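Read the structure below first, then the notes.
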Amino acid sequence: MIKMSNCKLEETNRQPTLSMKITTSVNSLIKDLKKGYAHIDLYLDELGEVPVGPPYTAYYNWEGDSIEVELGYPVKKALPGKGCIFPYEIPSGKKATLMYYGRLQKIAPSYKSLNTWIEKSGYQAGVNYEFYYNLLENVPDEQLVTKISYIITKI
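Remember, our numbering sits 633 above the position in the sequence shown when you count from 1.
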């Protein structure tokens, strides 16, 4: 049984982040995300900074098995980049969101539900974000908590 919250509309402020972009495959996604988050964690430690929210992934291009993503952490203020890590921000504005509970491999029905809600509510979906509340912790996959969020605009 799929566990998810109701779809809802949120208005958010712009959020500075430290992030990196990678291209990966469906089979390597989780492993590559964890590796990228660890790389950013080390840099945050070097700066003496800490994230102000859960790690996220923004999905930009998904063709076949190839996925282009931005992964990162929200931070308190704009921070300098280094190497493959760069400052970015999650834009302000309206977001359609849904909380999903369980294995990431079974998240597709939640996306379908949220996309249907967006369309029926008269919006168009933009960039898609996932916020991972406990992905980096040692919890069973069935206990993962993920917030799905789309930037939306009124049609």
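No residue lacks a Cβ here, since even glycine has one placed at the ideal position from N, Cα and C. Here the structure is a predicted model, which is why all the values come from computation and not from measurement.
- In this structure, T730 places its C-beta atom within 9 Å of the C-beta atom of S782.
- Contact annotation: Y762 and I784 have beta-carbon atoms nearer than 9 Å.
- Taken through DSSP and simplified to helix, strand or coil, I673 comes out as helix.
- Residue state for P687 is assigned as coil, using DSSP reduced to three classes.
- If only uninterrupted beta strand (DSSP E) runs of at least 3 residues are considered, those enclosed by the stretch 721 to 766 are 726 to 734 and 756 to 765.
- Look at the beta carbons and you see the stretch 685 to 697 touching the stretch 705 to 719: at least three pairs across the two are nearer than 8 Å.
- Distance check between T779 and each of G686, E679 and P649 places G686 closest, using alpha-carbon atoms only.
- DSSP places I718 in no beta strand (DSSP E); its state is neither H nor E.
- Under the criterion of beta carbons closer than 8 Å, K667 and L777 do not qualify as touching, at roughly 13 Å.
- Sequence-distant partners of Y721 (beyond 5 residues in either direction) whose C-beta falls short of 6 Å from its own C-beta, in its chain, are T650 and S652.
- Within the model, the alpha-carbon separation for Q757 versus I718 is close to 30 Å.
- Scanning its chain for C-beta atoms nearer than 7 Å, with the 5 sequence neighbours on each side dropped, one finds around L642 the residues K727 and A729, in chain order.
- A check of alpha carbon separations from I700 across L662, V683 and V772 identifies L662 as the nearest.
- Spanning the alpha carbons of A671 and D678 requires a straight line of approximately 11 Å.
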